[in-house]
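Accompanying notes for the structure given below.
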Amino acid sequence: MRRYRLAPLFFVFFLAFNAHAESPDQAAVASAHPAATEAGLAILAEGGNAFDAAVAVSAALAVVEPYSSGLGGGGFFLLRQAGEPATYRFLDARERAPLSSTANLYRRQGKVERDLSLNGALAAAIPGLPAALVAVSERYGTLPLPQTLAPAIRLARNGFAVDRVYRERAQYRLAALRDDPESARLFLHDGEVPEEGFIVRQPDLADTLEAIAQRGHDGFYSGERAARMINAVRNAGGIWEAEDLELYRTVEREPLRYTLDEERTLITAPPPSAGGIALAQSLGMLRHLPWQHTNRLQRSHYIIEALRRAYRDRGVLGDPDFVEIPTADLLSETYLARLASNIDPAQATPSKDLPPAPGWTEGDHTTHFTVIDKRGRAVAATLSINLPFGAAFTAAGTGVLLNNEMDDFAADVEGANAYGLSGSQANAISAGKRPLSSMSPTFIESDEAFASFGTPGGSRIPSMVLLAIMEYLQGHPVEAWVSTPRYHHQYLPDIVEYEPGAFSRDDERQMEGRGYQMKALARPYGNQHVLLWDKESSKVQAASDPRGVGAAQVRD
């Protein structure tokens, strides 16, 4: 195993790799649902590239995972274009606050009412996924939208079978789904969570997908369907206007780049993702700590302390179109070395004892997939509607289940959101602004290999991706990346959460002896999907999280 070292950040858009193979011998798709994986593989078999397949997978997931993503949500797409050198693009399809939004949108009689940012039409930001489907297809795809959206249209019209994950998420949001007649009609059966095998059909959603297939961006953001969505939202107390939809566009941003060692480079999500910076910071701190030469518990200690400090710095992040992000300062070698130097190798550092970041101003309910084609073009995409079933509000006559991403803003800069993340002025609500996100689609590339990572999971996303990357850096197989036991720390609350099996009772006692407050979770979390292209053999491996019902397939 080569020595793991990190070097400073380089803001260079192109990477020159003397790769052993310019393209793999195989293609692969790994997603959270078998039907979405099959949709992507079908498009590849029809002559489409990875970007066409990504459109097909995204649209299929919008149908079969209404609890995780959808046309009423948004996401991030990290793209690899084949060539010498390979080039990368990052497509920001994050939702935007309606233009009538204000910082006090959810404040009533001087107090923030959290339910308003979680349930119903007022909780919904302007969706970005439909624009992303069109943008990816038109800029990078080779097949027409009617062809790449066809699998999703069939799934919406013919229906899909309810599985255990659907039932679990619907049970969690049952009360909210019952409160909206259209959502209850579509996603429940006689007001209750459907049994496994029950067929969910969404003909209105099929019609909306067909409108996008025929009219592109205008099929969703203007015309009859846009009018239906606006009327439904406003009649239910929301504030959408025609201009909100007409003005929505995706944004291409420069991916965040961080050199891991002499050979490997991290390519990940920039702001408004907080996850990419947290990953780079955590790996940067770990460079100065002997994690690779210690036992499992000591390694966990170092990882938790790095995460604690990275999440502390989240407070300076926001939409880069609205606030200045001190990325170079946050990822400077001097700063990360200083953060690492105050990590006690034997004891936890209480979060209350960490000073503010100096000199700067202030879900399992998401989905992820990854695709690679035989030319080496690749996509890692993380999509979301925030909480399970989003705002639990469906615009009648469109089949579009809306997000509740407005809760990802700091509705109360002194409080916290649904994930316990502290608020900050940088992420305050503002008209047209994109909320901060934890979504972290990530690549690591070298001469020898290309790897893709990502998962849903709300505020736990960066810690899950970090743990998978640590497995990769230790040379473990792709199955270990997605199955490794998970634990999480996010600065505040000052608690280590961990899933069953991550720590034994003796481990827990030892960690408590170091000063940690440990919290065992009732069930596993996350749903990671990864792939690895070994350039020496030209072979591809892919894996889907055993905690979910997804599928990873490699095709010659």
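So the sequence shown is numbered by numbering that gives the first Met the number 0: it starts at 0 and just counts up by one.
From the three backbone atoms N, C-alpha and C, an ideal C-beta is built for every residue, glycine too.
Helix, strand or coil, according to DSSP, for Leu-496 in the structure here? The amino acid occupying residue 496 in the given sequence is Glu; Leu does not appear at that position. Strand.
Go through its chain and collect everything with a Cβ distance to Trp-359's Cβ below 6 Å, but skip five positions before and after it. Its pLDDT being 37, under 50, Trp-359 is placed unreliably by the model, and the measurement read from it follows with that caveat. Closer than 6 Å at Cβ, skipping near neighbours: Val-315 and Pro-325.
In the DSSP assignment, the alpha helix (DSSP H) including Gly-73 goes from what residue to what residue? Here Gly-73 belongs to no alpha helix (DSSP H); instead the beta strand (DSSP E) covers 73-80.
Go ahead and pull the three-state DSSP assignment for Arg-256. Residue state, collapsed to three classes: strand.
When DSSP labels each residue in this structure, what does Trp-239 get in the three-state scheme? Three-state result, Trp-239: coil.
Quick one: complete beta strand (DSSP E) runs, 3+ long, within the stretch 27-114? Listed in chain order, the complete beta strand (DSSP E) runs (minimum 3 residues) inside the stretch 27-114 are 73-80 and 86-92.
Sub-8 Å separation of Leu-386 and Thr-366 beta-carbons: Their beta carbons are not under 8 Å apart, which means Leu-386 does not touch Thr-366 by this criterion.
Look at Pro-97 and Asp-320 and say whether their C-beta atoms are less than 8 Å apart. In this structure, Asp-320 does not lie closer than 8 Å to Pro-97 by Cβ.
Euclidean distance between Cα positions of His-488 and Ala-305: So the two alpha carbons sit approximately 9 Å from each other.
Candidates Gly-500, Val-464, Gln-25 and Asp-555, of which the one nearest Ala-268 by Cα: Among Gly-500, Val-464, Gln-25 and Asp-555, the Cα nearest to that of Ala-268 belongs to Val-464.
Since Gln-552 sits in a beta bridge, which residues does DSSP pair it with? Answer by DSSP bridge pairing, in chain order: Val-28.
For the alpha helix (DSSP H) that contains Leu-530, what are its first and last residues? Counting along the chain, Leu-530 falls outside any alpha helix (DSSP H), though it belongs to the beta strand (DSSP E) covering 528-533.
If you draw a straight line from the C-alpha of Ala-134 to the C-alpha of Glu-251, how long is it? Rounded to the nearest angstrom, the two C-alpha atoms are 10 Å apart.
Can you find the residues in the same chain that come closer than 7 Å, C-beta to C-beta, to Leu-208, ignoring five residues on each side of it along the sequence? If the five residues before and after Leu-208 are omitted, its C-beta is found closer than 7 Å to the C-beta atoms of Ala-58, Leu-148, Ala-151, Ile-152 and Ala-155, all from its own chain and listed in chain order.
Residues of its chain near Ala-183, where Cβ-Cβ distance is below 7 Å and the 5 sequence neighbours each way are ignored: For Ala-183, same chain residues with a beta-carbon under 7 Å away, outside a window of 5 residues either side, are Leu-176, Arg-177 and Gly-190 in chain order.
Nearest candidate by alpha-carbon position, reference Val-56, set Pro-129, Phe-219, Ser-437 and Thr-348: Considering only alpha carbons, the answer is Pro-129.
Once the 5 residues before and after Ala-395 are set aside, which same chain residues still bring their CB inside 6 Å of it? Contacts found: Glu-181 and Ala-231.
On the three-state DSSP scale, how would you describe His-488? Coil, per DSSP.
In the DSSP assignment, find the beta strand (DSSP E) that holds Thr-293 and state where it starts and stops. Where Thr-293 is concerned, there is no enclosing beta strand (DSSP E), given that its DSSP letter is neither H nor E.
Would you mind reading off the limits of the beta strand (DSSP E) that contains Ser-451? Segment 448-452, the beta strand (DSSP E) holding Ser-451.
So, is Glu-37 buried or exposed, given that buried needs 16 or more other C-beta atoms within 10 angstroms? Buried, since its Cβ has 16 or more Cβ neighbours within 10 Å.
For Gln-346, does the three-state DSSP call read helix, strand or coil? DSSP places Gln-346 in the coil class of the three-state scheme, outside both helix and strand.
Just to confirm before moving on: does the CB-CB distance between Thr-249 and Gly-74 stay below 8 Å? No, they are not a contact pair.
Rounded to whole angstroms, what's the CA-CA distance from Glu-496 to Arg-113? Just pull it up for me. Rounded to whole angstroms, Glu-496 to Arg-113 spans 24 Å at the Cα level.
Exposure of His-32, with buried meaning 16 or more beta-carbon neighbours within 10 Å: By the neighbour-count rule (16 or more Cβ atoms within 10 Å), His-32 is buried.
Roughly how many angstroms lie between the CA atoms of Ile-198 and Leu-401, to the nearest whole one? Cα-Cα distance, rounded: 21 Å.
Are the CB atoms of Ser-100 and Ser-429 within a distance shorter than 8 Å? In contact: Ser-429 and Ser-100 (Cβ atoms closer than 8 Å).
Status (buried if at least 16 other CB within 10 Å, exposed otherwise) for Glu-261: Exposed, since its Cβ has fewer than 16 Cβ neighbours within 10 Å.
Closest to Ala-336 by C-alpha separation, out of Ala-27, Leu-104, Arg-214 and His-287, would be which residue? Looking at the Cα atoms, His-287 is the closest of the given residues.
Length of the line joining the Cα atoms of Ser-626 and Ala-241: Nothing in the structure corresponds to residue 626, since the chain is present only between 0 and 555.
So Val-28 and Gln-540 are supposed to be a Cβ contact under 8 Å. How far apart are they, rounded? Between Gln-540 and Val-28 the Cβ distance is about 13 Å, and since that is not below 8 Å, they are no contact.
Whole-angstrom distance between Pro-492 and Gln-108, CA atom to CA atom: Just so you know, the alpha carbons of Gln-108 and Pro-492 end up roughly 27 Å apart.
For Ser-439, the nearest candidate out of Asp-446, Ala-427 and Phe-452 (CA to CA): Ranked by Cα distance from Ser-439, the first of Asp-446, Ala-427 and Phe-452 is Phe-452.
Whose C-beta lies closer than 8 Å to the C-beta of Pro-202 among residues of the same chain, with five residues either side of it excluded? Spatial neighbours of Pro-202 in its own chain (CB-CB distance under 8 Å, excluding positions within 5 residues in sequence) are listed in chain order as Ala-155, Arg-156 and Gly-398.
CA nearest to the CA of Glu-507, picked from Ala-550, Ala-542, His-300 and Lys-534: If we check each option's Cα against that of Glu-507, His-300 comes out closest.
Please name the residue or residues paired with Ser-281 in a DSSP beta bridge. BP columns for Ser-281 are empty, so no partner.
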